[in-house]
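S.K.: First the structure, which I've put down as structure tokens, then a few questions once you've had a look.
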Amino acid sequence: MDILKPIIIKDELTKKDNIQNEINISNCEEEDICNTEFNNCIENNIQSYKTEFSKCIFKNCRILNSEFTKNSFTDIIFENCDISNTDFSESYLVRITFINCKLVGSNFSNTSLYNIVIKDSNFNYSNLSMATMKRTMFDNTNLVSSSIQETTLKEVKFKECNLSLSNLFKTNLNGIDFTTSNIDGIVTGVKDLKGAII
3 MDILKPIIIK
13 DELTKKDNIQ
23 NEINISNCEE
33 EDICNTEFNN
43 CIENNIQSYK
53 TEFSKCIFKN
63 CRILNSEFTK
73 NSFTDIIFEN
83 CDISNTDFSE
93 SYLVRITFIN
103 CKLVGSNFSN
113 TSLYNIVIKD
123 SNFNYSNLSM
133 ATMKRTMFDN
143 TNLVSSSIQE
153 TTLKEVKFKE
163 CNLSLSNLFK
173 TNLNGIDFTT
183 SNIDGIVTGV
193 KDLKGAII
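Whatever position you read off the sequence shown (first residue = 1), add 2 for our numbering.
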């Protein structure tokens, strides 16, 4: 499976230290947040609605209990970030990499995810229900007690992941390889498991 990586030219990045300020400026000027590196930001309760982020890096950031509803994220790297209990519902994510990130309890319901790599991360208790995932790789990632219910999976791979106690009810798992992952206690239907590699 070929997953397209984020296209970011690091020499063109402008460093910023406050995400909410950039969102406020973007909304006032009706411009995207583009070519920006956010480093060591510690912010809670960020409010962002229909904001477009492109070609950005979030590194060592702590963004808790925030809302990024109906946002667009294109060509983004999140590295060593804690984005727990954050709402990304109804958003569009393309060419995104999460490395060593914590997204415990985050909400990705009704979100479109294309060309996504999630590596060495913690997605426990996250909600991916009714999302559409295409060319997405979960690598050494915890998804314990997560909801992946009624989700569309196309070219999705789970490598050395822990999905124990997760809810995959009404998600077609045909062709999904779980041989290197823990799926103890998952909730799913017999029909949904047809064609899964266990």
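We put the beta carbon where it would ideally sit given N, CA and C, even for glycine.
Since this is a predicted model, take the numbers as computed values, not measurements.
Report the residue ranges of all beta strand (DSSP E) runs contained in full by the region 46 to 129; include only those spanning at least 3 residues, in chain order.
M.R.: Within the region 46 to 129, the complete beta strand (DSSP E) runs of at least 3 residues are 49 to 51, 54 to 61, 64 to 66, 69 to 71, 74 to 81, 94 to 101, 114 to 121.
S.K.: Can you grab the Cα-Cα spacing for the pair residue 128 / residue 109, in whole Å?
M.R.: Cα to Cα, the separation comes out at about 6 Å.
S.K.: Which partner residues of residue 149 appear in the DSSP bridge assignment?
M.R.: According to DSSP, residue 149 bridges with 129, 169.
S.K.: Please name the residue or residues paired with residue 23 in a DSSP beta bridge.
M.R.: Residue 23 pairs with nothing; no bridge assigned.
S.K.: Leaving out five residues on either side along the sequence, give the residues of the same chain with a beta carbon under 7 Å from the beta carbon of residue 147.
M.R.: Cβ within range, chain order: 126, 127, 167, 168.
S.K.: Leaving out five residues before and five after residue 80 in sequence, what residues of the same chain have Cβ atoms less than 6 Å from its Cβ?
M.R.: Hits under 6 Å: 60, 100, 103.
S.K.: Quick check: residue 124 and residue 96, are their CB atoms within less than 7 Å of each other?
M.R.: Not closer than 7 Å, so no.
S.K.: Can the beta-carbon of residue 48 be found less than 7 Å from the beta-carbon of residue 78?
M.R.: Cβ distance not < 7 Å, so residue 48 and residue 78 don't count as in contact.
S.K.: Can you grab the Cα-Cα spacing for the pair residue 118 / residue 86, in whole Å?
M.R.: Each residue's Cα considered, the two are about 18 Å apart.
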